Every structure is written in C-alpha cells, then in structure tokens.
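Visitor: First, the structure itself, so that you have it in front of you.
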Amino acid sequence: MYEKVLTKDINMPESRKLAYYEKVGGYRSWKKALKEMDPDAVIELVKASKLRGRGGAGFPTGVKWGFVPKSTDKPHYMLVNADESEPGTFKDRLLMAGMPHSTIEGAAIGSYAIRANTCYIYIRGEFVREARILEEAIAEAYAKGYLGKNIFGSGYDLDMYVHRGAGAYICGEETGLIESLEGKRGWPRTKPPFPAIEGVFRCPTIVNNVETLACVPYILERGAEWFAGIGPESGPGPKLYCLSGHVEKPGVYEDAMGLPLRKLIYEYGGGILNGKKLKAVIPGGSSVPVLTADEIDVDMDFDSLAKIGSMLGSAGCIVMDEDTDMVNTLLNIAHFYRHESCGQCTPCREGTTWAEKVLHKIKSGHGTMKDVDLLYEISGNIGTRTICPLGDAAAMPIESFVRKFRHEFEAYVTKEVEVA
Amino acid sequence: MKPVFNESAEKEFKDIISRYPNKRAAMLPTLHLAQREFGWLSREVMGYVGELLELPFSDVYDAASFYTMFKLKPTGKYHLQVCHTLSCALRGAGEICKHLHQKYGIESGETSADGKFSVLKVECLGACGTAPVVQINDDYHEDLTIDKLDAVLDKLD
Chain H
42 MYEKVLTKDI NMPESRKLAY YEKVGGYRSW KKALKEMDPD AVIELVKASK LRGRGGAGFP
102 TGVKWGFVPK STDKPHYMLV NADESEPGTF KDRLLMAGMP HSTIEGAAIG SYAIRANTCY
162 IYIRGEFVRE ARILEEAIAE AYAKGYLGKN IFGSGYDLDM YVHRGAGAYI CGEETGLIES
222 LEGKRGWPRT KPPFPAIEGV FRCPTIVNNV ETLACVPYIL ERGAEWFAGI GPESGPGPKL
282 YCLSGHVEKP GVYEDAMGLP LRKLIYEYGG GILNGKKLKA VIPGGSSVPV LTADEIDVDM
342 DFDSLAKIGS MLGSAGCIVM DEDTDMVNTL LNIAHFYRHE SCGQCTPCRE GTTWAEKVLH
402 KIKSGHGTMK DVDLLYEISG NIGTRTICPL GDAAAMPIES FVRKFRHEFE AYVTKEVEVA
Chain P
17 MKPVFNESAE KEFKDIISRY PNKRAAMLPT LHLAQREFGW LSREVMGYVG ELLELPFSDV
77 YDAASFYTMF KLKPTGKYHL QVCHTLSCAL RGAGEICKHL HQKYGIESGE TSADGKFSVL
137 KVECLGACGT APVVQINDDY HEDLTIDKLD AVLDKLD
C-alpha cells in the first residue's frame, strides 16, 4: 500500500501557511542540510536516491547538479521551472497552490547543493494566483530566517524571487526559460554549452521542475534508500499523475512511480465518462505518442512506457472515449504546436504550419490518400532536426495518430465521414 | 500624453530591478507592471519601458510581441481567455466559444461594442483536470458549464 508523500498534507487553504508546513515537518531538511551536510553530500544523497526530473525529460537530478563546476568565480543560479504548459499537465499548480513551502524548501536545498545564492521561480504568467501564493510563502520564509543572509548562522545566503512568464509554451524548455528570464523572447539555445556550465547571465545554472524539487526535502528527511525503494529501480519515487479528458473523476493522483495506467483510468479516474468505451490515451502530455485502448496494460514509469514506444513525459494523461474523432483531435494538437513553435528553426516553424494545413484539408473533405502519407513525411522532417525538443513534441503525435488510427484519416478522404 | 508610472508603481519598479543583475532581465515583470498600470502596451508605453530599462524600443517590442499575455491593442474591461486545447476541447470548450460568440456577437480577438468584454481563444491554461476553463482577467473559472459561466458573467458590471 502506497502512502502519499507530496500531497499527503495538502489541505487548502491552511496548508499554504508556514506554521502548518512546519507542523508537518517542514524545513527540518533545510536545517539539516545547512547544519550537517556540505553541498557535495547533498548532491551525493540525491544521486543515490535515483530521483529523475519530473518535468518530462527524466534526467537524473543529482547528476545534473553534479555538472555545476566546483570552482568558478561566477555566481551560480538555481531556476525553478514552474512554467507548467504541456497540455494535460496540472500537477505543479496543485503543489504550488496547496503547499508552496515544499517547493521553496526543495529549491533552497538545491540552491545550496549547487552553491547558488540566487533562485528564481519562473512561473507561467497565467498562474496569477499561484504566483501570489508563492510570493506570500517566500515572504514568510524570509521573516522566519529560512531565506536571506546567513541562514541559521551557517554563513550561507540565499535570495529567492518569483518571476512571471507571459504566455509561451516554449519557455518550459530550459534554455528558452533562461532566455526569457534574461528579458528576451524565449528562443532556445543550442547546446553545448549546457546551462550547468553557461546558463542564465552566462553563469552556471540549474533548471529543475517544481515536482522534482518538492521531492528533495523528503529525500533528506527519510533517506535515499527509502526513496529508491518506491517503484521501479531505474526511476523511483513518489509521482503525481494528472488525469483529464473523458473520465468520470479527472484530477491529480499521487502514487508510486510505475502506477498501472489501467488503474489510474479505471480506479482513480472512475472509468470512462458516461459509461462509454475507451478509444485512446495520451499518457505523458500531448507531445508523447498516443496509446490505443489495447495498450493500457502498462506501468506509468520512464522505462515501461518507453518500451511500448511512448513516454512518461510529464505524466499528463489525456483520455479519449469511443466517440472521439481522432482527426479532429490531432488537428487540435497540431494547432497547439504550430501556435507555440517559437519560429527559430525552419523544420519546426514550417513543419508545424504544414501539418496543421494538411489536417485542415483532410478534415474539410478535400484530402487525398497522398495527404495522409504527407503527414508522415512532415513529421519525419521535423523530429530531431531542431534546436529544442518542441520539434519532436510536434512530430510524435502526428506519426502515432496516423499510424494507429489511419482508418479514421482515410475515412475522411473516402468521404465515409460526413464533413461538417 | 507621455505615460509615466505613479508613485506606487515607481516603487514597485525599483523593487523589480533590484532583483536582477541587469536591467534587461526586468523586462517581463516591467511589461506586466506597465500593462497593469496603463491597460495595454501601446508604442508609447513600450517606449517608456525602454527608457526605464535603458534599452531601444526594438528590444522591448521584440519581447512584448513574443508573449501572448502582452496586449498590443486594447481589450475589453473583462478579457475572457477561453482555453481550447485538447483536454478542454474534449470537455466542451467548443460549446463555450460558440456560446460567447452568440452572447456578445464577437469572434476570438474582438471586443464588444460597449468595450466591456473581449474574447480570446488561448492555448492550454494548465488546469486540464477541471476543464473546461475560462480565465477572466486574472482569475480562473473552472469546471464550467454554460450556465455556470453565465452566472459569473452576468454578475460583472
């Protein structure tokens, strides 16, 4: 039986307050880090916990922290990626609104580990309420001496600020986020140099997702072995699953990494809306390859989903019932990526535009069989040919929808579907 | 008339620039502040932000035009941003858009004749578990039905 960790004590609005957070054990790990551990010991502990990033890419967090050079004369920066924008994903919003101090504490520990004295929480601009909640929580933490100068007499200083984005999906990509924080359009950078060497303001920088950092205080409190023992060995820990679309009970559900997808949909989600049958599921946010109803006997973890050709991504699970029009659905997704492509790389800028146009043509009844194949071709010409993963994010749904639901696209061409 | 921050906005601006190692990094927060103070980002307002940050107009316009939340033309007193991305679309965002079109006679991107309401279809608002969602100015309204949305809208003056 899994015992909740990240959302166990969320009880809005009380759980936003510092006093409440302290009562449930909050900031003990922060004190422990500063008093008993040096920064490298924190990095080693997080490495041993096998925590992998929860933003989508799943990179080992401790390893990432370890890339920051030990001796530089430049300031280091910790950036919290709270630009939650992948369609189907809404877990970080819950953490920030429900228990902002766990994010702040995790970010503080991460800052200490990478020897940063400044931390910015980059939150998507639309989350006005969550930004306000975080700002209030940061003010409480300063007042109590958890942030600021010479924290607990350790000689360590840390300033933390909330920085609001302004509506751009691309700023969730870490180098896009960095450019945006510098006051420019969120155009991703070519790597190398990686942010750990040269990030924001040309200084060593780490970008971590909210949920990733929220795990960190618990790792310090309960140990790396405890964390590594939850779920699959290759990517363990507590996990927040976002469930939306055609289910009876959409929402954020916490369980161990590796939750069976069927259980998420039928037990937590109460099954398909209005007693209908399942047609398809996107398991990790709209950019990952879609699964058919026959493919849902899979565990929600990095390796299990990769094995069947999809991805855990941000664990944003979007459910579609038997009546869902897959051409329309792919058009919706293609429109999103066309709108959010930053325009920097030609394959992505032109490819996403073409994909949307071809899908419009098919949907309006003017498509040919060649157009269905053209979608494949476009997808193949976007993926892996761009600076950042938005190109792949746009390509993967196109390829998987056409491959798995080709008959629906062809039905539009042969006019078996009545065109609206 | 040249836009100028009042005393309290000026104080907020000073606080904003103290948070960053250079003035350019204060771009997004300063644009948010300017938009709140002046309603939208006219050329004059962007020019003023450029003066404040010691940057050419082109740098300010370059940033402001990239982000969907920055308004380069005026909107209604109540700006309705309707999420129409997948999870909301599956749960009735299309009907909400149609309803708003009928109710106010405006398309996405337009403002009602009395200047009270503007509607904009937007991409994922990150509240997919409580779809469909409409953001009215700063506030999210979630788990909407047409009746629930009307109840909110009809109370606005």
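In order, the protein sequences belong to chains H and P. All letters in the first sequence, in the order written, are residues 42 to 461 by the numbering used here. All letters in the second sequence, in the order written, are residues 17 to 173 by the numbering used here. Note that the Cβ used here is the ideal one computed from N, Cα and C, for glycine as well. Remember, it's a predicted structure, so these values are computed and weren't measured experimentally.
For a minimum of 4 consecutive residues, which ranges assigned as the alpha helix (DSSP H) are wholly contained in the stretch 355-431 of chain H?
Guide: For the stretch 355-431 of chain H, whole alpha helix (DSSP H) runs of length 4 or above, ordered along the chain, are 367-381, 387-404, 410-423.
Visitor: Name the chain P residues whose beta carbon is nearer than 7 Å to that of C283 (chain H)?
Guide: Along the first sequence, one-based indexing puts residue 283 (chain H) at 242. C144, G145, listed in chain order.
Visitor: At the level of alpha carbons, what is the spacing between E363 (chain H) and E336 (chain H)?
Guide: Taking the first sequence and counting its residues from 1, one reaches residue 363 (chain H) at position 322. Taking the first sequence and counting its residues from 1, one reaches residue 336 (chain H) at position 295. Rounded to whole angstroms, E363 (chain H) to E336 (chain H) spans 15 Å at the Cα level.
Visitor: Our contact map puts I164 (chain H) next to E171 (chain H) with C-beta atoms below 8 Å; I'd like the distance itself, whole angstroms only.
Guide: Numbered from 1 along the first sequence, position 123 holds the residue referred to as residue 164 (chain H). Numbered from 1 along the first sequence, position 130 holds the residue referred to as residue 171 (chain H). That pair is a contact at about 6 Å.
Visitor: Considering M201 (chain H), what are the terminal residues of the beta strand (DSSP E) in which it resides?
Guide: By 1-based counting over the first sequence, the position of residue 201 (chain H) is 160. M201 (chain H) -> beta strand (DSSP E) spans 200-205.
Visitor: Under a CB-based cut-off of 9 Å, is Q151 (chain P) close to chain H?
Guide: Along the second sequence, one-based indexing puts residue 151 (chain P) at 135. Q151 (chain P) counts as touching chain H.
Visitor: Who pairs with V322 (chain H) in a beta bridge, going by DSSP?
Guide: Residue numbering aside, residue 322 (chain H) sits at position 281 when the first sequence is read from its first letter. Answer is H:L332, H:V360, bridged to V322 (chain H).
Visitor: Can you check which of these residues, H:K348, H:S351, H:M361, is closest to G310 (chain H) by C-alpha distance?
Guide: For the purposes of this step, residue 310 (chain H) is taken as the residue at position 269 of the first sequence. For the residues H:K348, H:S351, H:M361, the minimum Cα distance to G310 (chain H) belongs to H:M361.
Visitor: Since F133 (chain P) is in the alpha helix (DSSP H), which residue starts that stretch and which ends it?
Guide: Taking the second sequence and counting its residues from 1, the one referred to as residue 133 (chain P) is at position 117. First-last for F133 (chain P): 133-138, but that is the beta strand (DSSP E), not the alpha helix (DSSP H).
Visitor: Can you confirm whether Y64 (chain P), when its beta carbon is compared against all beta carbons of chain H, has any partner nearer than 9 Å?
Guide: The residue given as residue 64 (chain P) occupies position 48 in the second sequence. No, Y64 (chain P) does not count as interfacial toward chain H.
Visitor: If you measure between the beta carbons of P279 (chain H) and V46 (chain H), is that distance less than 9 Å?
Guide: As a position in the first sequence, residue 279 (chain H) is number 238, starting the count at 1. As a position in the first sequence, residue 46 (chain H) is number 5, starting the count at 1. In this structure, V46 (chain H) lies closer than 9 Å to P279 (chain H) by Cβ.
Visitor: For E77 (chain H), which beta-bridge partners are listed by DSSP?
Guide: Taking the first residue of the first sequence as 1, we reach residue 77 (chain H) at position 36. Per DSSP, none; premise fails for E77 (chain H).
Visitor: How far does the alpha helix (DSSP H) with E28 (chain P) in it reach, from first residue to last?
Guide: On the second sequence, residue 28 (chain P) is found 12 positions in, with the first residue counted as 1. Element bounds for E28 (chain P): 23-33.
Visitor: Give me the Cα-Cα distance between N153 (chain P) and C113 (chain P), rounded to the nearest whole angstrom.
Guide: One-based indexing of the second sequence puts residue 153 (chain P) at position 137. One-based indexing of the second sequence puts residue 113 (chain P) at position 97. So the alpha carbons of these two residues sit roughly 17 Å apart.
Visitor: Tell me, please, whether the CB atom of P72 (chain P) is closer than 9 Å to any CB atom in chain H?
Guide: Here the question's residue 72 (chain P) lines up with position 56 in the second sequence. False, the Cβ-Cβ gap to chain H never drops below 9 Å.
Visitor: Output, in chain order, the set of chain H residues within a Cβ distance shorter than 9 Å of D78 (chain P).
Guide: The residue labelled residue 78 (chain P) in the question sits at position 62 within the second sequence. Simply K225, R226.
Visitor: Is the Cβ of Y156 (chain P) closer than 9 Å to any Cβ of chain H?
Guide: Walking along the second sequence from the start, residue 156 (chain P) turns up at place 140. Chain H, which has a Cβ nearer than 9 Å to the Cβ of Y156 (chain P), makes this yes.
Visitor: Suppose you measure from the CA of A105 (chain P) to the CA of A138 (chain H); what does that come to, to the nearest Å?
Guide: Translated into the one-based positions of the second sequence, residue 105 (chain P) becomes position 89. Translated into the one-based positions of the first sequence, residue 138 (chain H) becomes position 97. Answer to the nearest angstrom: the Cα atoms are 25 Å apart.
Visitor: Expressed to the nearest angstrom, what Euclidean distance is found between the alpha-carbon atoms of F446 (chain H) and M367 (chain H)?
Guide: As a working note, residue 446 (chain H) is residue 405 in the first sequence. As a working note, residue 367 (chain H) is residue 326 in the first sequence. So the two alpha carbons sit approximately 7 Å from each other.
Visitor: Are the Cβ atoms of H115 (chain P) and M85 (chain P) separated by less than 9 Å?
Guide: The residue labelled residue 115 (chain P) in the question sits at position 99 within the second sequence. The residue labelled residue 85 (chain P) in the question sits at position 69 within the second sequence. No.
Visitor: Grouping DSSP H, G and I as helix and E and B as strand, with all else coil, what is T246 (chain H)?
Guide: By one-based count along the first sequence, residue 246 (chain H) stands at place 205. Three-state result, T246 (chain H): strand.
Visitor: CA-CA distance, K89 (chain P) and A129 (chain P)?
Guide: The count along the second sequence starts at 1 and reaches residue 89 (chain P) at position 73. The count along the second sequence starts at 1 and reaches residue 129 (chain P) at position 113. Cα to Cα, K89 (chain P) sits roughly 15 Å from A129 (chain P).
Visitor: Closer than 9 Å, CB to CB, is A157 (chain H) near chain P or not?
Guide: Here residue 157 (chain H) corresponds to residue number 116 of the first sequence, with the count starting at 1. No, because no Cβ of chain P sits closer than 9 Å to the Cβ of A157 (chain H).
Visitor: Using a Cβ cut-off of 9 Å (strictly closer), state whether E139 (chain P) contacts chain H.
Guide: Sequence index remark: in the second sequence, residue 139 (chain P) carries index 123 (1-based). Interface residue, yes.
Visitor: Closer than 7 Å, Cβ to Cβ, to anything on chain H: give me those residues from the stretch 88-104 of chain P, in chain order.
Guide: Correct list: T101, L102, S103.
Visitor: Can you list the residues of chain H that L57 (chain P) reaches, using a CB-CB cut of under 9 Å?
Guide: Numbered from 1 along the second sequence, position 41 holds the residue referred to as residue 57 (chain P). Ordered by position in chain H, no residue passes the 9 Å Cβ test against L57 (chain P), which lies about 11 Å from the chain.
Visitor: Going by DSSP, what residues sit across from I164 (chain H) in a beta bridge?
Guide: By one-based count along the first sequence, residue 164 (chain H) stands at place 123. H:A123, H:R205.
Visitor: Is the number of C-beta pairs between the stretch 132-150 of chain P and the stretch 271-291 of chain H that are closer than 8 Å three or more?
Guide: Flag = yes, the stretch 132-150 of chain P and the stretch 271-291 of chain H touch.
Visitor: Cβ closer than 8 Å: which chain H residues qualify as neighbours of H48 (chain P)?
Guide: Against the second sequence, residue 48 (chain P) aligns to sequence position 32. By Cβ distance, chain H contributes G166, R205, A207.
Visitor: Measure the Cβ-Cβ separation of T394 (chain H) and S405 (chain H) and say whether it is below 9 Å.
Guide: For the purposes of this step, residue 394 (chain H) is taken as residue 353 along the first sequence, with counting starting at 1. For the purposes of this step, residue 405 (chain H) is taken as residue 364 along the first sequence, with counting starting at 1. No; because the gap between Cβ atoms is not below 9 Å, this pair is not in contact.
Visitor: Give me the Cα-Cα distance between L353 (chain H) and D344 (chain H), rounded to the nearest whole angstrom.
Guide: Reading the first sequence from its first residue, position 312 is the one you call residue 353 (chain H). Reading the first sequence from its first residue, position 303 is the one you call residue 344 (chain H). Rounded to whole angstroms, L353 (chain H) to D344 (chain H) spans 8 Å at the Cα level.
Visitor: Grab the span of the alpha helix (DSSP H) containing P45 (chain P) for me, first residue to last.
Guide: Position 29 of the second sequence holds residue 45 (chain P). Here the alpha helix (DSSP H) through P45 (chain P) covers 43-54.
Visitor: Please classify L160 (chain P): does DSSP put it in a helix, a strand, or coil?
Guide: Looking up residue 160 (chain P) in the second sequence gives position 144. It is coil, neither helix nor strand.
Visitor: For G217 (chain H), which option in H:T409, H:Q385, H:T333, H:T455 has the closest C-alpha, if you only look at C-alpha atoms?
Guide: As a position in the first sequence, residue 217 (chain H) is number 176, starting the count at 1. Answer by Cα proximity: H:Q385.
Visitor: When you compare the CB positions of G326 (chain H) and L346 (chain H), do they come within less than 9 Å of one another, or not?
Guide: Here residue 326 (chain H) refers to the residue found at position 285 when the first sequence is read from its first residue. Here residue 346 (chain H) refers to the residue found at position 305 when the first sequence is read from its first residue. Contact flag unset, no.
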